[in-house]
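Take a look at the structure below.
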Amino acid sequence: MHERQVLRNAAAGLVAAVLACVLFAGIGAARAEAPDLEALLKRIAIKSADDVAYEERRYLGALTTPLVSRGHLRFEPPDRLIKKVEAPRRETAVAERDRLAVLNGEGVEIASMDLAVNNDLRLIFDGLRGVLSGDAAALRSAFDARVAGDAKEWRIELTPKAAGGDTRMRSIVVTGAGERIESFEIRERGGDRSNIRLLPSLQRP
Amino acid sequence: MTALRHVWRLAAAFLLLAALAAALFSVVPTRADMTILLPERGDGDLALLFRSLRQGPANRAFLIGLAPEGAAAADPRLLSRAFKDGLEKTGRFEWVANGEFRQDRAAIEPFFAHRYRLNPPLDPAEFSATGLRSALERLLDLLHGVAAPVVAEIMTADPTLRTLSVAALWTPPSAPARQGVWVDGAGRQVLLLARTGATGFDLAAQESAMAAVRSVADGLEPAFGKLRLNLSGPSVIAVESKTVAEAESRRLILISVPLIAGMLLLFLRRIAVLPVLFLPLGCGFLAGAAVVGAVFGYVHATTLGFGVTLLGVAVDYPLHLLSRARDAGGVAAAARKIWPGLLIAVSTTILAFLPLVMSSFPGLAQLGLFSVTGLAVAVAVTRWGLPRLVADQGLAAGPSPVPLPRWLRLLRLPALLAGIAAVAALGLRAESLWQQDLAALSPIPEAVRARDQALRGNLQVPDPRYVLTVSATDVETALRQSERLLPSLAALRDSKVLDGFEMAALYVPSHAAQAERLAALPPDAALRTHLERAQQGLPFKPGAFEPFLQALAAVRAGPPLSPADLPEATLRARLEPLLLQADDGIKALILLRGVRNPAELQRAVDETGTTGVRYLDIKQSAQDLMDGYRAETLRWVSVGGALALALLIATLRAARAVVMVAAPVVLSVLITTAVMAQVAGGLSIFHLLGLLMVAGLGIDYAVFLREKEGEGVRSVALCAATSIAVFALLATASVPILSQIGWTVAIGSLLSFVLGLVFAAPPAERAA
């Protein structure tokens, strides 16, 4: 091998290493500073009706194993959220404003709940809808919101503000990368939790 | 000077009358509820039932339908919910239901708390190892679905999810629900039920609640387009009947007052005289109300309404007086002159009405007392009061006597034949002489009733016709007795003999049943073993269902549950109309819906051998009541007629004179009866009231037409013309009661006048 060639390669490597150092230092600085809620929500908010597949794992204290179910989540801005369970049973929940309706596998409504009088359900749906619609003010009115991570991999922890004695929910944790929401986790006081992982779909990069 | 003094006196008399009226009605309460069909003595069960149906919580229910008018029908669910929310926000309703089955925590809390004591019955099989196994498998399945949060919250204490089946039993009877809300058969109109907080009697509060419903519906129009509101329910009907009656009265007064005043002016030619005509009537009205108030403690609105009709003849008395005053040489002289005729006419009428006082129908008894008192006072005021109040000066010239033409006599035979024909016609339809349809008697306009029926049908709200009453000393016994009937009724429902039934024992079991059911469950230790076996191979942690075992042990050790112990007022309110407090204990009502075979039902109930149970066909009972009252009315009226005739015989002494007075009265009553029976398809109690008035008028006409030289003809003609005009107007009313009375009296007074002429002519042959 030619000596000059080796040297040139070494110099290139050095430059690359320095460049890499500089670059990574920059990234490190960004990681140390968490994005603010408003800006993050603006990026991840869903502007038009959208569908995404999910997989839910429910961890219950009374159970030895998590329960796994699959289906689709659909959000229609500003406040309609549909959770369609497809396996192992078929069922749909439609949250719209203050109502939660439950439809059986044939699409016939079998129950409805008033979210205004059901604190836990209201917190869950308000939290999810607040994130999906990018409404920071609504989220802040009901929750203490903490953002962690960086623009590439972030995490929002929502803790109910007025967690009265009858509230079972402890927090909602939303994680994501860039503009994509990856999961919701609903944590209860007793230790039960439910993790909903959104699966990458064809429609959304 | 004297004229002025008389004016002052007259004004003072009216002021006094007004003051007395104000004082009287501030002391004596008037009642406006339609208790006219209510028995005072007699069937206790039926009376209690009528009272509870009318005053009870059922009476405060609003049946509401709301339909979009536009072509693009909105989602019925959204419309129904928006409407329900709006109604709840008015704060006027204890509860509003739109058919949605709520499962939120607040809604299911009371059912969770009492899940092992409330119905449906506990099934021991559910608590066996296999029963629990399938319950746990069901839990796992549900935990995968959207109900998981609710299920997870209660499952460790209630693995069989009994809370939800208890809650399901309390959901209101299901109308066809589409997308979870009640809709009508066509699926366009959303249906709701609401109950006001105010009592059914408080018509003002009910009226403002109705206005609130309307404004909520109006408020939805921007979002849902043009909407048509259908509102019904007992209190709504009461308010509407009142509104219709008031509107009708206003219309009738607006037309009839100028009409009558015009007719009288034409004849009497002095405006100042007009108030005088109403003084005897006013005094009579007031005296009648005062005496009725003193005797009964209250005055019924119908007494005042119908009473003033029967008193209407009292307007004729001052007419007779004033039309003679000038020729007789003064009002006082005229009063003396007409007194013999007036005395015969009024005492005959009073005697005819007097027996009504004996009626056990409080409405009729009040009416009898009111009219008798009123007539006596009115005639006394005419005879002794008016001569002191009316100046002699400036009176119109009296009517010139009208000699009755002889040829009128020729009409006597046809009149008699018409009477015979009337009797024959009545005889032919003796079977169907009386209207059998009680609804036809109802004061409610046809359209309102049809709307109510449609809403009831759509909402499947029982319009109870068949009812079982269970009499018992206390609630526990009543529930036990009801429980004995329950299996038979359920079997009848399954075999389509009836559509459904409602009873307190359907919701809350007796203490005995609660204890029996809990005792039939596996004991605590066995239950624990069953649960352990059921859990094998399933991902539930050992001991996960400890709260369930503890809850059941606590229930078994705890006190029984009574209807009064229910924590939610809305749940207790469901049971209140079904458990009535009677003087001698408790009456439990079992409301039956859609009974197809009453005989089979009754047989099945008898076979259970339950004591204290009575089967009531409300419609039939009401019909029987009505028939009884009518028979009684007819009996007392016949007695009255006989008394009146006896009086005529005693005063007139001559057979011929008696016949000449009595014949036109009897004939016009008979012919009017036949005509009304034919035209109206049967007679009602209100036709009967009208006929009483016809008799009263007829006697008055017959007596005064008999006067020498036809002196009375013109004043009687005026009396008849005003009566016919007023009652013909009444006949155009849309309220059935008013139009029935109107037609009867208009036809009757015309006949009375014509026949009076026929039998009074000719003067040449009349005995002096």
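For the record, the sequence lines run as chains E and R.
Residues in the first sequence are numbered from 918 upward in steps of one, following our numbering.
Residues in the second sequence are numbered from 7 upward in steps of one, following our numbering.
Cβ atoms here follow ideal geometry from the backbone N, Cα and C, with glycine treated the same way.
These figures come from a predicted structure and were not determined experimentally.
is_contact[residue i, chain E] using C-beta, thresh 8 Å
{"i": "R/Arg87", "result": "yes"}
{"i": "R/Ala550", "result": "yes"}
{"i": "R/Glu106", "result": "yes"}
{"i": "R/Gly311", "result": "no"}
Chain-ordered chain R contacts of residue i [CB-CB under 7 Å]
{"i": "E/Thr981", "result": "Pro545, Lys547"}
{"i": "E/Val986", "result": "In the sequence on display, residue 986 of chain E carries Ser and not Val. Ordered by position in chain R, the residues that pass the 7 Å Cβ test against E/Ser986 are His150."}
Buried/exposed call for residue i, threshold 16 Cβ in 10 Å
{"i": "R/Gly71", "result": "buried"}
{"i": "R/Arg602", "result": "exposed"}
{"i": "R/Gln487", "result": "buried"}
{"i": "E/Lys1000", "result": "buried"}
{"i": "R/Leu416", "result": "exposed"}
{"i": "R/Tyr513", "result": "buried"}
{"i": "R/Thr479", "result": "exposed"}
{"i": "R/Tyr635", "result": "buried"}
{"i": "R/Tyr304", "result": "exposed"}
{"i": "R/Gln212", "result": "buried"}
{"i": "E/Arg1106", "result": "exposed"}
{"i": "R/Ser776", "result": "There is simply no residue 776 of chain R to check, as chain R begins at 7 and stops at 774 in what is shown."}
Contact with chain R by residue i, beta-carbon distance below 8 Å
{"i": "E/Asp1109", "result": "yes"}
{"i": "E/Thr1009", "result": "yes"}
{"i": "E/Arg1006", "result": "yes"}
{"i": "E/Lys1078", "result": "no"}
{"i": "E/Asp996", "result": "no"}
{"i": "E/Asp953", "result": "no"}
{"i": "E/Val1019", "result": "yes"}
{"i": "E/Val1137", "result": "Outside the displayed span of chain E (918 to 1122) sits residue 1137 of chain E, for which this structure offers no information."}
{"i": "E/Arg1016", "result": "yes"}
{"i": "E/Asp1043", "result": "no"}
{"i": "E/Ser1029", "result": "yes"}
{"i": "E/Asp1037", "result": "yes"}
Within chain R, partners of residue i - CB distance below 9 Å
{"i": "E/Arg975", "result": "Leu149, His150, Ala154, Ala158"}
{"i": "E/Val969", "result": "The premise fails here: E/Val969 is roughly 17 Å from chain R at the closest Cβ pair, so nothing lies under 9 Å."}
{"i": "E/Arg1114", "result": "Going along chain R, no residue has its Cβ under 9 Å from E/Arg1114, so there is no contact; the nearest lies around 16 Å."}
{"i": "E/Leu990", "result": "Those within 9 Å of E/Leu990 in chain R number zero; the least Cβ separation is about 12 Å."}
Q) Using a Cβ cut-off of 9 Å, which residues of the stretch 147–165 of chain R contact any Cβ in chain E, in chain order? A) Against chain E - using a Cβ distance shorter than 9 Å - the residues of the stretch 147–165 of chain R are Asp147, Leu148, Leu149, His150, Gly151, Val152, Ala153, Ala154, Pro155, Val156, Ala158, Glu159, Met161, Thr162.
Q. Going along the chain, which residues of the stretch 120–136 of chain R sit with their C-beta nearer than 8 Å to a C-beta in chain E?
A. Result list empty, no residue passes.
Q) What are the residues of the stretch 208–241 of chain R that lie near chain E, defined by any Cβ-Cβ distance shorter than 7 Å? A) Correct list: empty, as no residue qualifies.
(Q) Runs of 4 residues minimum, wholly inside the stretch 470–534 of chain R: which ones carry the alpha helix (DSSP H) assignment? (A) Those alpha helix (DSSP H) runs which fall completely within the stretch 470–534 of chain R and span 4+ residues are 481–500, 517–526.
**Q.** Whole beta strand (DSSP E) elements within the stretch 982–1012 of chain E, 3-residue minimum
**A.** The stretch 982–1012 of chain E contains these whole beta strand (DSSP E) runs: 984–993, 997–1004.
(Q) If we require 3 or more residues per run, which beta strand (DSSP E) segments fall completely within the stretch 615–677 of chain R? (A) Residue ranges of uninterrupted beta strand (DSSP E) with 3 or more members, entirely inside the stretch 615–677 of chain R and ordered along the chain, are 619–623.
Q: Please go through the stretch 737–769 of chain R and give each complete alpha helix (DSSP H) segment of 4 or more residues, from N-terminal end onward.
A: Runs found: 742–766.
Q. Whole beta strand (DSSP E) runs in the stretch 65–132 of chain R with 3 or more residues, listed along the chain?
A. For the stretch 65–132 of chain R, the full-length beta strand (DSSP E) segments reaching 3 residues or more read 67–74, 99–103 along the chain.
(Q) Report the start-end ranges of each alpha helix (DSSP H) in the stretch 1028–1086 of chain E that is 4 residues or longer and not cut off at the edges. (A) Unbroken alpha helix (DSSP H) runs of no fewer than 4 residues, entirely contained in the stretch 1028–1086 of chain E, are found at 1036–1050, 1053–1059, following chain order.
Q. Which parts of the stretch 262–330 of chain R are runs of the alpha helix (DSSP H), unbroken and 4 residues or longer, counting only runs that do not cross its ends?
A. Fully enclosed alpha helix (DSSP H) runs of 4 or longer: 280–302, 307–316.
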